[in-house]
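Colleague: Chains as they are written, first to last, in the numbering used here: chain A, 423 to 621; chain B, 423 to 621.
All C-beta atoms, glycine included, are put in the ideal place defined by N, C-alpha and C.
Source: prediction; values computed, not measured.
Pasting in a structure now, in structure tokens, and then I'll have a few things to ask.
2 protein chains.
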Amino acid sequence: MSVEAGQRRRLEPDARREQILSVAVRLFGERGYADVSTTDVARAAGVARGLVNHYFGTKKELYLEVIRVMLTVPEGALTELPEGDLPARVDASVSWFLDVVSRHSRSWLAAITAGGMAGDTDVDRVIAEAIDRAADAVLQAVGRPAPGPALHAMARSYVGLAVSTAREWLQRGVLTRDQVHRLLAATLLTMVEQVFKDA
Amino acid sequence: MSVEAGQRRRLEPDARREQILSVAVRLFGERGYADVSTTDVARAAGVARGLVNHYFGTKKELYLEVIRVMLTVPEGALTELPEGDLPARVDASVSWFLDVVSRHSRSWLAAITAGGMAGDTDVDRVIAEAIDRAADAVLQAVGRPAPGPALHAMARSYVGLAVSTAREWLQRGVLTRDQVHRLLAATLLTMVEQVFKDA
DNA sequence: GCCGTTGTTGACACAGCGCCAACAACCACG
DNA sequence: CGTGGTTGTTGGCGCTGTGTCAACAACGGC
């Protein structure tokens with residue numbers, strides 16, 4: 423390990439910032455917001471505590487960066503627009519979602535569940551943006567590229583279902599991936615065919 | 423107002439505890455966990471801060487009591503088991519749920535969204551229990567009184583959908599009650615008829 | 001080699017929490 | 001009506017964690 427309490431080293435601002443951020447992502451990923459002190463982050467990064475504040479200002483601002491990283495999903499895969507009829511597209515979308523979530527399950531689920539503090543305005547905004555992106559992906563996958571506000575809201579609701587269902591699978595381990603898949607596919611199909619026309 | 427900084431009064435332990443708790447419920451309901459200090463609670467209750475610790479031990483323990491209160495729903499209405507075919511029962515259940523949520527929308531939604539701190543073990547447990555009760559109500563309403571673990575998990579997932587959809591209605595105001603009702607009714611019907619058999 | 005730039009440190013001040021001994025309001029009892 | 005005991009209540013102490021800032025030192029240019 424490179425934890426060697428060696429001499430003080432001087433790094434480029436971007437590099438140091440990146441290093442501290444990655445350490446913070448790891449710590450906040452395994453423990454909650456209140457259980458991780460800026461001293462913990464500093465020590466784990468082999469750095470003085472004041473430096474954390476120098477780069478990120480406030481603990482909350484650091485945390486905002488952390489959940490932004492956690493909620494950032496490999497966007498490349500999102501561009502794969504499946505062809506075929508509606509059930510086929512729904513099926514492909516659900517598979518894609520489950521792949522993404524299971525890949526970095528711990529960090530993504532932890533962050534999307536507000537991983538430490540909800541009720542805070544800024545944190546809620548970052549999470550809401552991530553849900554918006556997921557909702558956009560859903561709407562695009564089922565062929566509603568330019569939805570109205572109501573339709574978008576319904577898509578966000580569906581994302582809420584997807585999150586809570588994924589949690590039963592990945593965190594509680596009481597549902598299998600197949601069960602989750604069928605649940606999400608069936609409900610999405612119903613929503614598209616029966617509910618979206620209300621918007 | 424009765425904020426009169428009068429002489430120190432001596433109250434029965436239960437009464438004092440109840441008074442502090444109600445003040446705490448109000449404060450935590452309008453602001454987040456970190457934004458409310460025990461000093462705020464004490465001052466709003468016209469009491470020394472030490473007394474808060476005396477009755478509730480820890481700020482977190484106080485907060486646990488608060489969200490327990492917030493998540494406690496008038497249980498009487500839950501016993502009304504609607505008769506009729508499945509679509510009718512589903513419809514009645516959704517109406518009941520929307521009534522309950524809209525009645526004390528702010529506190530209930532605030533609490534169920536982890537209203538201040540998630541990731542904490544104890545808080546999560548209390549919220550999980552509330553979701554379990556809601557899931558039980560759903561299963562009972564659709565005529566599955568004694569479900570297995572998987573079925574219960576699916577019901578919890580549906581509660582997640584109900585919560586996120588209610589939030590689009592009550593907090594964001596972008597969906598109407600009718601739209602929410604149709605969305606929740608249609609998806610619940612699909613889940614019961616097509617998905618629950620997998621469990 | 002020296003010097004300026006600037007990444008980095010350590011300490012100071014302050015807020016919030018848990019704890020506890022002293023205080024005083026209230027209730028028996030004489 | 002006094003008086004003493006019970007116990008609800010207070011104020012302050014120590015601790016932890018955070019934000020800020022002046023001083024320090026590593027690195028690159030001259």
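Please name the residue in Gln593(A), Ile442(A) and Ala575(A) whose C-alpha comes closest to that of Val474(A).
Modeller: The residue with the shortest Cα to Cα distance from Val474(A) is Ile442(A).
Colleague: Could you say if the stretch 555-574 of chain A and the stretch 472-490 of chain A meet the contact criterion of at least three C-beta pairs nearer than 8 Å?
Modeller: The stretch 555-574 of chain A vs the stretch 472-490 of chain A: no contact.
Colleague: For Arg430(B) and Ala470(B), I'd like the C-alpha separation in whole angstroms.
Modeller: So the alpha carbons of these two residues sit roughly 10 Å apart.
Colleague: Run the CB neighbour count on Asp544(A), radius 10 Å, all protein chains shown included, and call it buried at 16 or more, exposed below.
Modeller: Asp544(A) should be labelled exposed.
Colleague: Interface residues of chain B around Thr612(A) at Cβ under 7 Å?
Modeller: Going along chain B in sequence order, the residues near Thr612(A) (Cβ under 7 Å) are Ala608, Thr609 and Thr612.
Colleague: Any contact between the stretch 505-520 of chain A and the stretch 604-612 of chain A? By contact I mean 3 or more CB pairs, one from each, below 8 Å.
Modeller: Enough Cβ pairs lie closer than 8 Å, so yes.
Colleague: Taking Leu592(A) and Val523(A) to be in contact with their CB atoms under 8 Å, please state how far apart those CB atoms are, rounded to whole angstroms.
Modeller: Correct: roughly 7 Å between the Cβ atoms.
Colleague: Return the CA-CA distance between Leu531(A) and Leu433(B), expressed in angstroms with no decimal places.
Modeller: Each residue's alpha carbon lies about 46 Å from the other.
Colleague: Which residue marks the beginning of the alpha helix (DSSP H) containing Gln562(A), and which one marks its end?
Modeller: Unbroken alpha helix (DSSP H) run through Gln562(A): Thr543 to Ala563.
Colleague: Tyr477(B) and Phe450(B) look like a contact to me (Cβ under 8 Å); what is the Cβ gap, rounded to whole Å?
Modeller: Their Cβ separation, rounded to whole angstroms, is 16 Å, which puts Tyr477(B) and Phe450(B) out of contact at 8 Å.
Colleague: Here's a check: name, in chain order, each residue in its chain whose Cβ is nearer than 6 Å to the Cβ of Ala588(B), leaving out the five neighbours to either side.
Modeller: Correct list, in chain order: Val523.
Colleague: Under 8 Å between C-beta atoms, does Leu605(A) make it to chain B?
Modeller: True, the Cβ-Cβ gap to chain B drops below 8 Å.
Colleague: Within 10 angstroms of the Cβ of Val425(B), are there 16 or more other Cβ atoms? Answer buried if so, exposed if not.
Modeller: Low local confidence applies: a pLDDT of 44 at Val425(B) is under 50, so the model's placement there is unreliable, and no value is given.
Colleague: Using a Cβ cut-off of 8 Å (strictly closer), state whether Pro509(A) contacts chain B.
Modeller: Closer than 8 Å: no.
Colleague: May I have a chain-ordered list of the alpha helix (DSSP H) segments no shorter than 4 residues that lie completely inside the stretch 452-539 of chain B?
Modeller: The stretch 452-539 of chain B contains these whole alpha helix (DSSP H) runs: 460-466, 471-478, 481-493, 508-525 and 527-534.
Colleague: What is the rounded straight-line gap between the Cα of Arg528(A) and the Cα of Tyr580(A)?
Modeller: Each residue's Cα considered, the two are about 21 Å apart.
Colleague: With a threshold of 16 other CB atoms inside 10 Å of the CB of Thr535(B), please say whether the residue is buried or exposed.
Modeller: Result: buried.
Colleague: Nearest-angstrom Cα distance between Gln601(B) and Asp521(B)?
Modeller: Taking the straight line joining both Cα atoms gives about 15 Å.
Colleague: In whole angstroms, what is the alpha-carbon distance linking Gly582(A) and Gly582(B)?
Modeller: Using only the alpha carbons, I get a separation of about 6 Å.
Colleague: So, at 6 Å on beta carbons, what are the nonlocal neighbours of His603(B) in its own chain, with the 5 sequence-adjacent residues on each side left out?
Modeller: Cβ within range, chain order: Val516.
Colleague: When you compare only the Cα positions, how much space is there between Arg439(A) and Ala464(A)?
Modeller: Spanning the two alpha carbons is a distance of roughly 12 Å.
Colleague: Could you give the distance in angstroms between the alpha-carbon of Val447(A) and the alpha-carbon of Glu615(A)?
Modeller: Rounded to the nearest angstrom, the two C-alpha atoms are 40 Å apart.
Colleague: Terminal residues of the continuous alpha helix (DSSP H) containing Pro569(A)?
Modeller: Per DSSP, Pro569(A) belongs to no alpha helix (DSSP H) and is neither H nor E.
Colleague: Under 8 Å between C-beta atoms, does Pro569(A) make it to chain B?
Modeller: Chain B, which has no Cβ nearer than 8 Å to the Cβ of Pro569(A), makes this no.
Colleague: Does DSSP put Ala621(A) in a helix, a strand or coil?
Modeller: If DSSP states are grouped into helix, strand and coil, Ala621(A) belongs with coil.
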